[in-house]
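Here the structure comes first, spelled out in structure tokens, and everything after it is commentary.
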Amino acid sequence: MTTADHFRSAVEHRDLAALSDLFTDDIRLYSPVKFTPFEGKPMVLGLFGVLLRTFEDFRYIGHFDGTAQTSTDGTEAPSVILLFRATVHGKQIHGIDLLQLNETGLIKEFTVMVRPQSAVRALGEAVLAGLVADGLVPAPADH
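Here the sequence shown is numbered in the working numbering, starting from 5 and rising by one per residue.
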């Protein structure tokens, strides 16, 4: 099985321990709801814990293999795009997960893109609430 196959299985089975084995220690996750990436295995695993609780009816519907430049150094890296569908708070989401691998086959960069905008907003609110609840980020200050 490939890294992408193991990743897909871990997500479908909501298995954080299996996900941990697939990530580099310095993994960067680019999210549609945050300008800067989530960095490091502990933070990314925490985020996945929230995501796995947040997505309803999550399913992968496509798989594409190729290469893409990494954001960190611009080198070409083996890459996989996984298409998915899910629901968050009643909003249907269409999305892709872009996995970029290092020389040993571990995921070093991970980019998530979703549509439509209303689903991005619902996802952002749900993820922020989960990250705050899990103590991974401070609660936003009220203005």
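Think of the CB as a built atom: it goes at the ideal place given N, C-alpha and C, for glycine as much as any other residue.
On a predicted model such as this, the values are computed, not experimentally measured, just so you know.
Residue j beta carbon less than 9 Å from that of residue i
i	j	result
F52	L23	yes
Q104	A72	yes
K112	R32	yes
F62	F88	yes
R125	G99	no
P144	L127	no
F114	V48	yes
V84	L102	yes
F59	A90	yes
Integer Cβ distance of residue i from residue j, believed to fall under 8 Å
i	j	result
V116	S35	6 Å
V54	G139	Contact flag wrong, Cβ pair sits at about 11 Å.
G94	T7	Rounded, the Cβ-Cβ distance is 33 Å, inconsistent with contact.
G44	D29	7 Å
K97	A137	A quick correction: the sequence has Ile, not Lys, at residue 97. Wrong, their Cβ atoms sit about 21 Å apart, outside the cutoff.
The alpha helix (DSSP H) enclosing residue i, as first and last residue numbers
i	result
G53	45 to 58
T91	That residue, T91, is in no alpha helix (DSSP H); its beta strand (DSSP E) goes 80 to 92.
F11	7 to 16
L132	121 to 137
L20	20 to 24
Residues sharing a beta bridge with residue i, DSSP
i	result
K95	V92
I65	Answer by DSSP bridge pairing: none, since I65 is not bridged.
D30	Paired residues: none, contrary to the question.
L103	V84, F114
G109	Paired residue(s): none; G109 is not in a bridge.
A72	A81
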